[in-house]
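In the numbering used here, the protein residues as written are 146 to 448.
Below is the structure:
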């Protein structure tokens, strides 16, 4: 899709004809990760593929799990290798479910366990379509959600290519309309909120606003803030970044979708006329760059 919303090309997904609603995550190098659940086996099928070359790699099954595992993929641009992190649960005498983590790299042939007790990435219960993690410069980041207040992030966890886990404080108080993305090469939080009572008193119907926080040099900073048009929002299908723009797919209360691009330079929004193209579907979006990288068991290389 071009900047003006025009669909420039449709790419076939070879090998996905019999897969229902897989989750898609995209690397900045043009490779895409697909995860589809096998509920009967409490398992997931993980594929790395290149839609340009139609090259596909199906990862082997991991350790048995009591609950359908979560999977996150990090890509190291320096080594041109990926690492898949799989979070699963084993039978335990404890009543609480504890998750373990194992990894699979593009240079390996089997999963390797790295952690015995970790809080796994999981979907926001109010927004099931956006990715539940962000992959930035070889590290994976995800929210830890509140059990008492579903959809509310408590903190951010990360794991890097060296299997090191780190906890990161939130940039501000967050709630269910909070999303992690890669923006300008850094981890970022996109937050949609309504103004406080002081600001709201200036409007009969207070308008929502968008905030973008950027994590750089181990510190958070407010990158942008802009008022949005008043709309009856139900949930978010996508929050994706490219260059200095944020693309939002918002599902409204009447089940229609609104397609917005926030321009960071202009600090303004524009609406794309895409409703007719995706009517009746649940579209998602991610940045994509064409590539000839191959998916192999040893290392990605360029033709």
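For every residue, glycine included, the Cβ atom is placed at its ideal position computed from N, Cα and C.
Query	Result
Assigned secondary structure, residue 228 (DSSP; H/G/I helix, E/B strand, else coil)	strand
Contained alpha helix (DSSP H) runs [length at least 4] in the stretch 267-301, N- to C-terminal order	none
For residue 313, the first and last residue of its enclosing beta strand (DSSP E)	310-313
Residue(s) in a DSSP beta bridge with residue 337	355
Residue 155 to residue 304 span [Cα, whole Å]	34 Å
CB contact flag (residue 324, residue 272, <9 Å)	yes
Cβ separation of residue 299 and residue 287, assumed to be a contact under 8 Å, to the nearest whole Å	Not really, about 12 Å apart at Cβ, beyond 8 Å.
Coarse secondary structure for residue 342, derived from DSSP in three states	Below a pLDDT of 50, predicted positions are generally treated as unreliable, and residue 342, at 47, falls in that range; the measurement from the model is reported next regardless. Residue state, collapsed to three classes: helix.
8 Å contact criterion, which residue 217 and residue 285 should meet: CB distance rounded	4 Å
Residue 365 - partner residues in DSSP beta bridges	360
The beta strand (DSSP E) enclosing residue 382, as first and last residue numbers	378-387
Among 364, 432, 204, 335, the one whose alpha carbon lies nearest that of residue 249	204
Per-residue DSSP class, three states only, for residue 371	strand
Residue 204 in three-state terms, based on DSSP	coil
Neighbourhood of residue 242 by C-beta, 6 Å cutoff - its chain only, sequence neighbours within 5 removed	234
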